[in-house]
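Just so you know, the sequences run in chain order P and R.
All residue numbers in the first sequence are consecutive under my numbering, ending with 462.
All residue numbers in the second sequence are consecutive under my numbering, ending with 402.
Beta carbons are placed, not taken as given, at the ideal position from N, Cα and C, and that holds for glycine.
Notes to accompany the following structure.
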Amino acid sequence: MWRRVFEIFRKELRQALREPRMRIVLFVPPLIQLIVFGYAVNLDVNVARIAWLDMDHTAAARDLRAAFEGSGHFRILANPVSERDAQMLLDRGDVQAVIGVLPNFGRELDRGATAPVQVLVDGTDSNTASLISSYTTQVISGFAGRRMVNEQRAKLVASTMAAGTAVNPGAPSVDARTRVWFNPDLLSRNYFVPGVVVNIVALVTIMLTAMAIVREKEIGTMEQLMVTPVRPLELMLGKTLPFALAGFFEVALITGAALIVFGIPFRGSPLLLMACSALFLLSTVGVGLFVSTVSETQQQAVMGAFFFFAPAFMLSGFAFPIRNMPLAVQILSYLDPVRYFISIVRGIFLKGTGVAELWPHMLALLLYGTLILGASALRFHKRLD
Amino acid sequence: MNLRRTRAVARKEFLHILRDPRSLALALAVPLFLLLLFGFGLTLDVDRIPTLVYDLDHTPASRELIARFDGSRYFDVRGYVDNYGAIERGIDRDQCLLAVVIPKGFARELDAGRRPAVQLILDGSDSNTASIARGYAESLLAGYGFDVQAGAVQRKGGIDLNAPVRPELRVLYNSRLESKNYIVPGLIAVILMIIAALITSLTIAREWETGAMEELLSTPLRPSELVLGKMAAFFTLGFVDVITSIAVGVLVFGVPLRGSPLLLMASSAIFLFGAMCQGILVSALARSQLLAYQIGMITSFLPGFLLSGFVYSIANMPPAIQVVTYIVPARYFITILKGIYLKGVGLDVLWGEVLFLIAFALLVFFVATRKMRQKVA
Numbered sequence: 078m079w080r081r082v083f084e085i086f087r088k089e090l091r092q093a094l095r096e097p098r099m100r101i102v103l104f105v106p107p108l109i110q111l112i113v114f115g116y117a118v119n120l121d122v123n124v125a126r127i128a129w130l131d132m133d134h135t136a137a138a139r140d141l142r143a144a145f146e147g148s149g150h151f152r153i154l155a156n157p158v159s160e161r162d163a164q165m166l167l168d169r170g171d172v173q174a175v176i177g178v179l180p181n182f183g184r185e186l187d188r189g190a191t192a193p194v195q196v197l198v199d200g201t202d203s204n205t206a207s208l209i210s211s212y213t214t215q216v217i218s219g220f221a222g223r224r225m226v227n228e229q230r231a232k233l234v235a236s237t238m239a240a241g242t243a244v245n246p247g248a249p250s251v252d253a254r255t256r257v258w259f260n261p262d263l264l265s266r267n268y269f270v271p272g273v274v275v276n277i278v279a280l281v282t283i284m285l286t287a288m289a290i291v292r293e294k295e296i297g298t299m300e301q302l303m304v305t306p307v308r309p310l311e312l313m314l315g316k317t318l319p320f321a322l323a324g325f326f327e328v329a330l331i332t333g334a335a336l337i338v339f340g341i342p343f344r345g346s347p348l349l350l351m352a353c354s355a356l357f358l359l360s361t362v363g364v365g366l367f368v369s370t371v372s373e374t375q376q377q378a379v380m381g382a383f384f385f386f387a388p389a390f391m392l393s394g395f396a397f398p399i400r401n402m403p404l405a406v407q408i409l410s411y412l413d414p415v416r417y418f419i420s421i422v423r424g425i426f427l428k429g430t431g432v433a434e435l436w437p438h439m440l441a442l443l444l445y446g447t448l449i450l451g452a453s454a455l456r457f458h459k460r461l462d
Numbered sequence: 026m027n028l029r030r031t032r033a034v035a036r037k038e039f040l041h042i043l044r045d046p047r048s049l050a051l052a053l054a055v056p057l058f059l060l061l062l063f064g065f066g067l068t069l070d071v072d073r074i075p076t077l078v079y080d081l082d083h084t085p086a087s088r089e090l091i092a093r094f095d096g097s098r099y100f101d102v103r104g105y106v107d108n109y110g111a112i113e114r115g116i117d118r119d120q121c122l123l124a125v126v127i128p129k130g131f132a133r134e135l136d137a138g139r140r141p142a143v144q145l146i147l148d149g150s151d152s153n154t155a156s157i158a159r160g161y162a163e164s165l166l167a168g169y170g171f172d173v174q175a176g177a178v179q180r181k182g183g184i185d186l187n188a189p190v191r192p193e194l195r196v197l198y199n200s201r202l203e204s205k206n207y208i209v210p211g212l213i214a215v216i217l218m219i220i221a222a223l224i225t226s227l228t229i230a231r232e233w234e235t236g237a238m239e240e241l242l243s244t245p246l247r248p249s250e251l252v253l254g255k256m257a258a259f260f261t262l263g264f265v266d267v268i269t270s271i272a273v274g275v276l277v278f279g280v281p282l283r284g285s286p287l288l289l290m291a292s293s294a295i296f297l298f299g300a301m302c303q304g305i306l307v308s309a310l311a312r313s314q315l316l317a318y319q320i321g322m323i324t325s326f327l328p329g330f331l332l333s334g335f336v337y338s339i340a341n342m343p344p345a346i347q348v349v350t351y352i353v354p355a356r357y358f359i360t361i362l363k364g365i366y367l368k369g370v371g372l373d374v375l376w377g378e379v380l381f382l383i384a385f386a387l388l389v390f391f392v393a394t395r396k397m398r399q400k401v402a
């Protein structure tokens, strides 16, 4: 039996590697995903692009502007002169917010009244918008607080001068001392790149497994294979093992690139990563096999694999945090094997967690893997008989 | 260019699609499924950040600060701990993302007019949520600091002072700040990319693979007639998806459509045409389904999803990659979609983007027909 399995394995491997373009397929998509996720994808709003609409032109307005510029959260890109200009900047998406200092801002402040500052935020991207609002409030309350203390100090100094004593009026406030664990610089790449491992492995194994089997059906060589003494189980093993192997290879390749090129920390055990990958491959190869049993053409196989992969990817927590999903969808995500592998990979890379913390995820993967692979193998077996 | 021949190819292609109901069903179901999933399930909004509190001070001042965290919609205080080990365990097991540590003597320091530091510990492994959480937490502390300051000033001065400056916040375009309002319109671009990459290029690659394409090209058909005829069928399919997406977005999810629906359809048609020409070009280059699929994914779907500004803001990307995004047609289409849907702007703002899409479509059409011709020669 093993000899026959090996022969199919050899044929499959040769067929896959014979074509130079196929070899590219194994290298280029992971590389592109790595580059995009390593360099490009970044959800953080570190510096908001704003426009400054000053209708007051007093020293106080300029102070406020300096407070915004000095906060490190804002970059003033435009100085519109009218509300119409400001609206246009927002419409075109050139700036994310407009800070409008209304006429009489300085005078109101000097009078001791409350002077409003107009803040127009582009809400198109809701997340960015709430963060910008929050930064704005932070800068304005900082400015207001300083202003108040200065005013008070001036008054106190005046009155104590009259009384002939000097006091130092303290200005209590609170500082934030932020410490970020595991990823001190909050690099998006540290978050995304480990996920790319999962992504590529899933995509490569599901797609290649499904397409390789369906291709034989489509061009009619499946019948030829079936008249040989090869049994269905042997055929299945020989067909899927090369892609499982490709999966391992991808894990090693991407992990290597992540460490060397991007300097992603790897705090856990490489051995554990490989073991968990094996568990995960059970599920993906199983899905690929299943798709192949329901597809007649390669196109159907691609669509079928995509139909599984797209939601699995979305619900895995790779790009969209599961925590924020509605409860029903969160429960649904427990059915997604990719979810568990994402948690495992992030844990191993960034937190250095081990089996003690990860065993529930590993158990889930093992369970899903045997279930999916078992069911698909049965189905595959039946279709061939 | 002969319309009759083009029509004949289109008819053949329609029959092909109708004869394969499984692919047809998938072509219509995948977009709908994505739409429902995104609309109902996926949100990028960060709120209810799970928070642990370690209060070493136990004074009214510290409790007041905790109450602020508890009252904010951005934080969800999950529990109180009394040592750092518990925080570590909480973060390791993903039970909390933020821990707030209020130092001993917090209230005393405040009373003395000093600035005690409140420690914020964040789980950085989810960097995006962490940096957003950090922004919210730091501004909450700044607000608290301001109130303490104001209170002290008033007590000492014995006079009433107004807050000198007050921000008047107005959120435009998406006033309730819901991420589905920008994700659902953007999905139209992603869905069209899928249709183009997975259906158009694969079907045509299959004809190359089986040799049917050679036969077609040996007929009096000209490449441009062939391309247009083939496209007609997929274009219809894609357009059905566009209309479904718009209808589901507006009717099911209540996404506002403020601009002109006509402009929306017209620009979708232009984008779709360009994406399909690209699909045909890919299939002519690849000539095998597996390869066409891979190239299609890399050249259309991935950039459409990642480099278009759909979820990941282009302004945050490094300059080298920002330059690359200028040649991604989806980038312009996403700008158009968001502009029409949320901002209600028209051609006066979006003409540049529309022009690019037209130019791109024509260029790719030209190259694709040329490539077809070369293949025969």
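Residues of chain P with CB closer than 8 Å to the CB of residue i, please, in chain order.
i	result
R:Glu-163	Gln-215, Ala-253, Thr-255
R:Glu-203	Ser-203
Would you identify the three-state DSSP class for residue i, choosing helix, strand or coil?
i	result
R:Gln-120	coil
P:Ala-396	coil
R:Phe-259	helix
R:Arg-312	coil
R:Ala-384	helix
P:Leu-349	helix
P:Gln-173	coil
P:Leu-154	strand
P:Asp-187	helix
P:Ala-206	helix
P:Asp-413	coil
P:Val-124	coil
R:Thr-154	helix
R:Thr-350	helix
R:Leu-331	helix
R:Ala-137	coil
P:Asp-140	helix
P:Leu-166	helix
P:Val-371	helix
Pull up the DSSP beta-bridge partners for residue i, would you.
i	result
R:Gly-104	R:Leu-77
R:Arg-195	P:Leu-197
R:Arg-36	Bridge partners of R:Arg-36: none, in fact.
P:Arg-80	According to DSSP, which records beta bridges pairwise, P:Arg-80 is partnered with nothing at all.
P:Arg-292	Answer by DSSP bridge pairing: none, since P:Arg-292 is not bridged.
Taking a contact to mean a Cβ-Cβ separation below 8 Å, would you say residue i touches residue j in this structure?
i	j	result
P:Val-406	P:Phe-390	no
P:Asp-168	R:Val-370	yes
R:Ala-300	R:Ser-270	no
P:Leu-264	P:Thr-317	no
P:Leu-356	P:Met-299	no
P:Asn-401	R:Val-277	no
P:Ile-449	P:Val-379	no
R:Val-280	R:Lys-396	no
R:Leu-362	R:Ile-213	yes
P:Val-124	P:Arg-152	yes
Could you name the residues of chain C that residue i contacts, counting a contact when the two beta carbons are closer than 9 Å?
i	result
P:Ser-346	This model lacks chain C altogether; the protein chains it does include are P and R.
Output, in chain order, the set of chain P residues within a Cβ distance shorter than 7 Å of residue i.
i	result
R:Asp-151	Tyr-268, Pro-398
R:Asp-95	Simply none; closest approach about 17 Å.
Name the chain R residues whose beta carbon is nearer than 8 Å to that of residue i?
i	result
P:Met-402	Gly-66, Leu-67, Thr-68
Chain R partners of residue i, CB-CB under 7 Å?
i	result
P:Ile-109	Ile-323, Leu-327
P:Thr-430	Asp-117
I want to verify the contact list: residues of chain P whose CB lies under 9 Å from the CB of residue i, in sequence order.
i	result
R:Glu-89	Simply none; closest approach about 11 Å.
So residue i contacts chain R; which residues on that side make the cut at Cβ distance below 9 Å?
i	result
P:Gly-272	In chain order: nothing, as chain R lies at least about 11 Å away.
Could you check whether the stretch 85-92 of chain R touches the stretch 237-247 of chain R, counting it as contact only if at least three pairs of C-beta atoms, one from each stretch, sit closer than 8 Å?
no
Between the stretch 276-290 of chain R and the stretch 352-360 of chain R, do at least 3 Cβ pairs fall closer than 8 Å?
no
Touch check for the stretch 379-399 of chain R and the stretch 362-369 of chain R: three-plus C-beta pairs under 8 Å?
With the rule of 3 Cβ pairs closer than 8 Å, the stretch 379-399 of chain R does not count as touching the stretch 362-369 of chain R.
Across the stretch 215-229 of chain P and the stretch 208-220 of chain R, are there enough close Cβ pairs to call them in contact, namely three or more that are closer than 8 Å?
no
With contact counted as at least three CB pairs below 8 Å, one residue from each stretch, are the stretch 312-329 of chain R and the stretch 95-111 of chain P in contact?
yes
Can you confirm whether the stretch 338-357 of chain P touches the stretch 305-319 of chain P when touching is taken to mean that 3 or more C-beta pairs between the two stretches lie within less than 8 Å?
no
Cβ contact (3+ pairs, closer than 8 Å) linking the stretch 250-269 of chain R and the stretch 196-204 of chain R
no
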